[in-house]
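> Chains as they are written, first to last, in our numbering: chain A, 1 to 244; chain B, 1 to 292; chain C, 1 to 367.
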Amino acid sequence: MSTILEVAGMSASIGSQQVVESVSFSVPDTGITAVLGRNGVGKTSTLRGILGLIKRKGEVTLAGERIDGLPTHRIVQRGVGYVPEDREVFASLTVAENLALAERQANPRRDFVAHLFPDLVERRAQMAGTLSGGQQQMVSVARALLNDNRLLLVDEPTKGLAPRIVNEVAGALEEASRTVPILLVEQNLEVVKRLAKDAIVIDGGRVVHRGDAREILGDEELTRRLLGVHGDAPADGHGTEERA
Amino acid sequence: MSTLVLVLVTGVGLGALYFLVASGLSLIYGLMHVLNFAHGVFLTLGAFLGWEVASRIGATGWPAFLLSILVGGLVGTAFATVTELALIRPLYERHIEQVLVTVGLAFAAVALFEGIWGSDPIFITGPAWLDETTTLLGARIPNVYFVLMIAATALLASLVVFLRYTRYGMIIRAGVENRAMVTALGIDVKKSFTLVFAIGGSAAGVGGVLAAHYTGYVSAHLGQTLLIFAFIVTVIGGLGSLSGAAIASVLVAVLQQLANYYLGGTGDLIVVVALAVVLLVRPRGLLGRRPA
Amino acid sequence: MSDFIRTWWKLLAGVAGVVFMALLPLLNISVPGVLPTPTYQPGTLALLSLAMVFSALALSYNMLLGTGGMLSFGHALYFGAGAYGLGIILANFGVPLWPGVLIALLGGLLIAIVTGAISMRVSGIPFAMVTLAFAQAGSVLVRRNSSVTGGEEGLSLNTEHVPDGLVGVANTRNLYWFALGVVVLVYLVALWVDRSRLGHLARATRENELRIRVLGLEPTRARFVLFLIAALSASGAGVAYILLQSGTVPRAVSADLTITVLVMVVLGGVGYRWGAVLGGFLYTILDQRLTVLAGSEAIEGLPSVLRIPLSEPLFLLGTLFILVVIFLPGGIAGTVETRWLQRRRADALTELDDDADEAQRPSEVRP
C-alpha cells in the first residue's frame, strides 16, 4: 500500500498562536483515514495547515511532490478537494453557481454528483444561504466531488445534521472513497466506524496514536483516554470547537 | 415646485458622480478589505489627461468630449492596475500597510500633479450643449447632470451584468463573502484583485472627466475632495455592498442638495450628520452584511 | 538585571536629550544642510519648535495607532480644535492666555467625546473612514465661518492677552522652550499611558478582544479613554502651534494634516514613542530642506522629467513613505530596535493585520 499524502513535522499557527505542533503522519492512497481527537486539539487546523489556509512550517508531500511552499489554490489544483468545517457555502450564490465555481476540469463529474445528491439538481436556482444545513453540506461535499481529485480533506461533514442526513452524507463519502482517498475529521464515532479504515489520534497538537480505526474505537480504555468519550457516544464538546 | 425638481434632479446627478467613485471603492473593499485612498488620484489623473487630449483636438467638439472620456477611462484603468500590481500585491494580506501605501500614493501623486499642472484649477470647456439646460417639469436642468446619470446607469448595468453572468463576476461575489474558501476551490483570487482595481480605476477615470465638466475645472485636488464623499457613501450604503453604494450615493447627494438649497448651504455638514445618524442607528450601513 | 540597566540607560539618554535640546538656544552650533542657521538664531529655533510641536502631535497619534491599534484619519480635528479654540478665545473673549489655553483644551476634549463616541460604533477600516468624515466636517466649518475663523485666510493670533515674553521673533527662544515643554509633557503622558493598566488593556484588546471580554474587562471603554487622552494631547500640540506660528490656517484641521502625522509616525516606527518624536523631526526638517532644494539652481537646470518631481517636497516624502511601508515595516525605530538592539518585538502593524484576518474567518476561531 503506498501513500498519497505524507506530513512530516508540520506546525501551524493562527496569528501568533501555535495550534498544531510538529505533527507527522501519512495517508494511504485508498480508503478513508480518520483524524480523531478531543475538541480543540488541532484537527481542523491540521487540515487547514495542509492546504495552506493558515501559516504552517514543515514538510507536506502530495504524491511524492512537496506542496508546503505552495499557495492554497495551487495545492487544490494539484488534486486536493476540501470540505470545510461548517460547510462554508457561498450564501448569496445559487446552488448552481456554488458548484460551477468548484469545477476545475473540462468534464466535471456532474452526473456523479447529481446521482449522489438529486436534491441539489432540483434546487439549482436557489440561493445556497436559504438551504437547510443538510443541503448546504451536500453542496459543500458536491463541490469537492466534481473534480477527479487525488485526495479529499473532509472536516466534520456530519456536524449538526439530522440522523437521516448523516446517513446520506456518509453514504456519499463511502461511495466517493472507492475512487479517491479521504482524510476525514469526524466527531461522530459511529460514522467513523462505518467509514474509516485507519485512524490517527491527535492530542495537544501532536499525533499520539495511529492504527486500525475499529481497533482504536473498540478499545474503550484507549478511546476514553485519547478522545475523552465512550466509544459509542458522540463527543460532547464544550461549544468551543477548535478554538486553539 | 420647479425648484424642488431642480434640487432633486441635480441631487440624483451628483449622486451619479459619487457612484462612479464609490462603486470601485466598494468593490475593492468588499473583496480585498483595502480602503483605497488612491482612488481619488486615479480620478484626477483621468481628468487631467482627458482634458489634455480634448484640448488638443478642439475641446468644444463632441469627438473631443467622447475621446476624453475614453482616455480618462483607460488612464484610470492603467493607473489602478499598476497600483495593484506594484504596491498592493507585495503587501498581500497586510491590510493596514495596504491602506498606508495607498495613502502615500495619494499624497505623492497630488504633489506631482501640482508640479506638472500647477496648484491653481485649470478651467475647462466642453461641447456647448453640456452647459445648456433642458426644461423638465418646469425646472431648467443643466445637461451635464443627464450625462452623469447616463454614465452611472451604464456603469451600474454593466457591473450587474458582469457580476451576475460571468465567471469572474461569480468569483468576485464569492470572494466578497469568503475569500479563503474561493482559494480552497483552486481559484487564484489574486487575479480578481487586479481586476477589481482595474474596474474601479476605469470608473474613476471616466468619473474624473465628467467631474471636470460638472465643476468646470480640473485641479490636483479634484479627486481627493470627491473621495471623502465617496467614503461616506460607502459607509452609509454598507461596506462592500454595490447596491448599497448605489442607493446611498443618490440618497446622500439628494440630501446634500436639499440642504444646500433650503438650509443655507449646509449640505456638506448634513452629509456628516447623516453618517453619524446611520452609525448610531445601524452601524453596518443600509445594506451591509452583519459583521462576523 | 539587564532590564534594570536598560531602563536607567534609557532614562539617562532621555534626560540628556531634553537637557541638550533645552540648551540649544544658548549654543552656537551650525549643521549646514540640515539647519538653516546656527542654533541660537530664530530661523533654526522656529524650525525646531515646529518640529517639536509635530513630534508632540505624532506622539499623540502613536497612542491611537501604536497603543490602541486605531487607524484614525481625523486626528487633525483635535489639533485644529486646540489651535482655533485658543485663537478664537483670545480674539473674542478677552480672556488671559492660560485660562484661554485651558478652555481650548476642554473644547478639544468635548469635541473628542462627541465624535469619539460616535466613531467608536465601528472599528477597523470603517472607523478610519468615519473619523475622516468628522475631520472633513470640521474643516468645512472652519472654511465656511470666516467671520470667526478667518476662513481660507486663516486666523492670526490676537496677542493682546498673551504675555510679551511669548510674542514676536525676538522671543522665539521662549516659544522654543514652551514647545519643548509641550513635547516632554506629551511624551510623559504617552509613557504613562503605555505603562498604565489602561495601556495594557488597550494593547491586549488590540491583540485579542475576546480574551479581554472573557476576563470581564471593558475593552471599548479603555479604547475610548485612550482616544480622549490622545485627542487632548493633540489639542495641546495645537495650542503650541498657534502660539508658535502666531496664527493658524485651515490646513490645521484638514485630513491632509492627519495624513502628514501618519507619515511621521510610520516613518519613525508605529508603536515606538521615540520613533514618533524622530518622525516629527525628520519630516519637518526634510520638508523644509526639500523646499529649499526645490528652489535651488541645481534643480532649476534639470530637464523637466527630473525637475518637476524633485521640486515637489511632498512627492518625495510620499515616495519615501511608500518605500518605508514596503521595505521597513517597523519604520526607523522598529528596524533599529529589532536589528541592532536585537530586541524581539512583534511589529505592531502585523499584529493588527492578524486581528483583521481572524475577524474575517468567523467559522474558525470565534465561539
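Quick reminder that beta carbons are idealized off the backbone N, C-alpha and C, glycines included.
If contacts are defined as beta-carbon pairs under 8 Å, then Gly82 (chain C) and Gly108 (chain C) qualify, I think. What distance do you get, rounded to the angstrom?
Taking the third sequence and counting its residues from 1, the one referred to as residue 82 (chain C) is at position 82. Taking the third sequence and counting its residues from 1, the one referred to as residue 108 (chain C) is at position 108. Gly82 (chain C) to Gly108 (chain C), Cβ: 5 Å. Contact.
> Tell me the DSSP bridge mates of Ala12 (chain A)?
Here the question's residue 12 (chain A) lines up with position 12 in the first sequence. In the DSSP output, where bridge partners are listed per residue, Ala12 (chain A) has A:Val20, A:Arg56.
> With DSSP run on the structure shown, which of helix, strand or coil describes Glu93 (chain B)?
In the second sequence, the residue the question calls residue 93 (chain B) occupies position 93. Looking at Glu93 (chain B) - three-state DSSP - the assignment turns out to be coil, as it is neither helix nor strand.
> Tell me which same chain residues have a C-beta within less than 6 Å of the C-beta of Tyr261 (chain B), skipping the five on either side of it?
Here residue 261 (chain B) corresponds to residue number 261 of the second sequence, with the count starting at 1. Hits under 6 Å: Val7.
> Using a 10 Å radius around the Cβ and a threshold of 16 neighbouring Cβ atoms, would you call Met257 (chain B) buried or exposed?
In the second sequence, the residue the question calls residue 257 (chain B) occupies position 257. First, the residue type needs correcting, since residue 257 (chain B) is Gln and not Met in the sequence shown. Buried: at least 16 other Cβ atoms inside 10 Å.
> With burial defined as no fewer than 16 other Cβ atoms inside 10 Å of the residue's Cβ, what is the status of Leu280 (chain B): buried or exposed?
On the second sequence, position 280 is the one that residue 280 (chain B) refers to. The residue is exposed, with fewer than 16 neighbouring Cβ atoms inside 10 Å.
> Just the C-alpha distance for Gly228 (chain A) and Leu328 (chain C), rounded to the nearest angstrom, thanks.
Residue numbering aside, residue 228 (chain A) sits at position 228 when the first sequence is read from its first letter. Residue numbering aside, residue 328 (chain C) sits at position 328 when the third sequence is read from its first letter. Approximately 48 Å, taken between the alpha carbons.
> Going along the chain, which unbroken runs of the alpha helix (DSSP H) with 4 or more residues stay wholly within the stretch 135–168 of chain B?
The stretch 135–168 of chain B contains these whole alpha helix (DSSP H) runs: 143–165.
> Taking the DSSP output, what are the residues bridged to Glu122 (chain A)?
The residue given as residue 122 (chain A) occupies position 122 in the first sequence. Its beta-bridge partners do not exist; DSSP assigns none.
> With DSSP collapsed to three states, give me the class of Pro71 (chain A).
Position 71 of the first sequence, counting from 1, holds the residue named residue 71 (chain A). Coil.
> Measure how close the beta-carbons of Ser249 (chain B) and Gly288 (chain B) come, nearest whole angstrom, since I'm counting them as under 8 Å.
For this step, residue 249 (chain B) is matched to residue 249 along the second sequence. For this step, residue 288 (chain B) is matched to residue 288 along the second sequence. Wrong, their Cβ atoms sit about 15 Å apart, outside the cutoff.
> Does the CB of Asp120 (chain B) have a neighbour CB from chain C at under 8 Å?
Sequence index remark: in the second sequence, residue 120 (chain B) carries index 120 (1-based). Not an interface residue.
> Is the beta carbon of Leu210 (chain B) less than 8 Å from the beta carbon of Val147 (chain B)?
Here the question's residue 210 (chain B) lines up with position 210 in the second sequence. Here the question's residue 147 (chain B) lines up with position 147 in the second sequence. Yes; because the gap between Cβ atoms is below 8 Å, this pair is in contact.
> Give me the chain A residues within the contact set of Leu185 (chain B), using Cβ-Cβ distance strictly less than 7 Å, ordered along the chain.
Within the second sequence, numbered from 1, the residue matching residue 185 (chain B) stands at position 185. What Leu185 (chain B) touches in chain A: Val76, Leu101, Ala102, Arg143.
> Identify the residues that DSSP records as bridge partners of His209 (chain A): which are they?
Sequence index remark: in the first sequence, residue 209 (chain A) carries index 209 (1-based). Answer is A:Val201.
> Please determine, among C:Arg221, C:Leu243, C:Ala112, the residue with the shortest C-alpha to C-alpha distance to Thr159 (chain C).
Here residue 159 (chain C) refers to the residue found at position 159 when the third sequence is read from its first residue. Cα-wise, what sits closest to Thr159 (chain C) is C:Leu243.
> Taking Val189 (chain C) as part of the alpha helix (DSSP H), name the residues at either end of that continuous run.
Here residue 189 (chain C) refers to the residue found at position 189 when the third sequence is read from its first residue. Segment 172–195, the alpha helix (DSSP H) holding Val189 (chain C).
> State the start and end residues of the unbroken beta strand (DSSP E) segment that holds Val89 (chain A).
The residue labelled residue 89 (chain A) in the question sits at position 89 within the first sequence. Taken as a continuous stretch (DSSP letters only), Val89 (chain A) belongs to no beta strand (DSSP E), as it is neither H nor E.
> Between Trp129 (chain B) and Pro142 (chain B), what straight-line distance do the alpha-carbon atoms span, to the nearest angstrom?
The residue you call residue 129 (chain B) lines up with position 129 of the second sequence. The residue you call residue 142 (chain B) lines up with position 142 of the second sequence. So the alpha carbons of these two residues sit roughly 9 Å apart.
> Could you check what DSSP says for Val76 (chain A) in three-state terms: helix, strand or coil?
Numbered from its first residue, the first sequence carries residue 76 (chain A) at position 76. It is helical.
> Sort out for me which residues DSSP pairs Ala34 (chain A) with in a bridge.
On the first sequence, position 34 is the one that residue 34 (chain A) refers to. Ala34 (chain A) is bridged to A:Leu184, A:Ala199.
> Exposed or buried, what is Arg195 (chain C) when buried is set at 16 or more other beta-carbons lying within 10 Å of its beta-carbon?
Along the third sequence, read from residue 1 onward, the residue named residue 195 (chain C) stands at position 195. By the 10 Å Cβ count, Arg195 (chain C) comes out exposed.
> Assuming the contact rule is C-beta atoms closer than 8 Å, Tyr78 (chain C) and Ser235 (chain C) should be a hit. Round their C-beta distance to whole Å, please.
Within the third sequence, numbered from 1, the residue matching residue 78 (chain C) stands at position 78. Within the third sequence, numbered from 1, the residue matching residue 235 (chain C) stands at position 235. Going by Cβ atoms, the distance from Tyr78 (chain C) to Ser235 (chain C) rounds to 5 Å, so yes, they are a contact pair.
> Could you check whether the Cβ of Ser311 (chain C) sits closer than 8 Å to any Cβ belonging to chain B?
Looking up residue 311 (chain C) in the third sequence gives position 311. So, interface residue.
> At least one CB of chain A closer than 8 Å to the CB of Ala180 (chain B): is that the case?
Here residue 180 (chain B) corresponds to residue number 180 of the second sequence, with the count starting at 1. It does; some Cβ of chain A falls within 8 Å.
> Could you tell me the alpha carbon to alpha carbon distance between Gly285 (chain B) and Val235 (chain B), rounded to whole angstroms?
Locating residue 285 (chain B) in the second sequence gives position 285, counting from the first residue. Locating residue 235 (chain B) in the second sequence gives position 235, counting from the first residue. Rounded to whole angstroms, Gly285 (chain B) to Val235 (chain B) spans 6 Å at the Cα level.
> So the candidates are A:Val201, A:Glu6, A:Leu53, A:Ser45; which of them puts its Cα closest to the Cα of Ser26 (chain A)?
Within the first sequence, numbered from 1, the residue matching residue 26 (chain A) stands at position 26. Comparing Cα-Cα distances from Ser26 (chain A) to each of A:Val201, A:Glu6, A:Leu53, A:Ser45, the minimum goes to A:Glu6.
> I'd like to know if Ala128 (chain C) contacts chain B, where contact means its C-beta is closer than 8 Å to some C-beta of that chain.
Within the third sequence, residue 128 (chain C) is the residue found at index 128, counting from 1. Ala128 (chain C) counts as touching chain B.
> Once the 5 residues before and after Arg344 (chain C) are set aside, which same chain residues still bring their CB inside 8 Å of it?
Working through the third sequence from its first residue, we reach residue 344 (chain C) at position 344. Low confidence applies to Arg344 (chain C): its pLDDT is 48, below 50, so where it sits in the model is not reliable enough to give any reading.
> Report the rounded CA-to-CA distance for Val186 (chain C) versus Leu180 (chain C), giving the unit in angstroms.
Residue 186 (chain C) sits at position 186 when you count from the first residue of the third sequence. Residue 180 (chain C) sits at position 180 when you count from the first residue of the third sequence. Cα to Cα, Val186 (chain C) sits roughly 10 Å from Leu180 (chain C).
> By DSSP, does Thr102 (chain B) sit in helix, in strand, or in coil?
Position 102 of the second sequence, counted from the start, is the residue given in the question as residue 102 (chain B). Thr102 (chain B): helix per DSSP, three-state reduction.
> Would Glu156 (chain A) count as contacting chain B if we go by Cβ distances under 8 Å?
The residue you call residue 156 (chain A) lines up with position 156 of the first sequence. So no, Glu156 (chain A) is outside the interface.
> Look up Tyr40 (chain C) in the DSSP assignment and say whether it is helix, strand or coil.
For the purposes of this step, residue 40 (chain C) is taken as the residue at position 40 of the third sequence. Here Tyr40 (chain C) sits in coil by DSSP.
> Rounded to whole angstroms, what's the CA-CA distance from Arg94 (chain B) to Pro71 (chain A)? Just pull it up for me.
Numbered from its first residue, the second sequence carries residue 94 (chain B) at position 94. Numbered from its first residue, the first sequence carries residue 71 (chain A) at position 71. When rounded, the distance between both Cα atoms is 16 Å.
> With a CB to CB cut of under 7 Å and the five nearest residues on each side skipped, what residues in its chain are close to Val19 (chain A)?
As a first step, residue 19 (chain A) is located in the first sequence; it is residue number 19 there, counting from the start. Closer than 7 Å at Cβ, skipping near neighbours: Ala12, Ser13, Gly42, Ser45, Gly205, Ala244.
> Ignore the nearest five residues each way along the sequence and tell me which others in Arg123 (chain A)'s own chain have a CB closer than 6 Å to its CB.
Counted from its first residue, the first sequence places residue 123 (chain A) at position 123. Contacts found: Val95.
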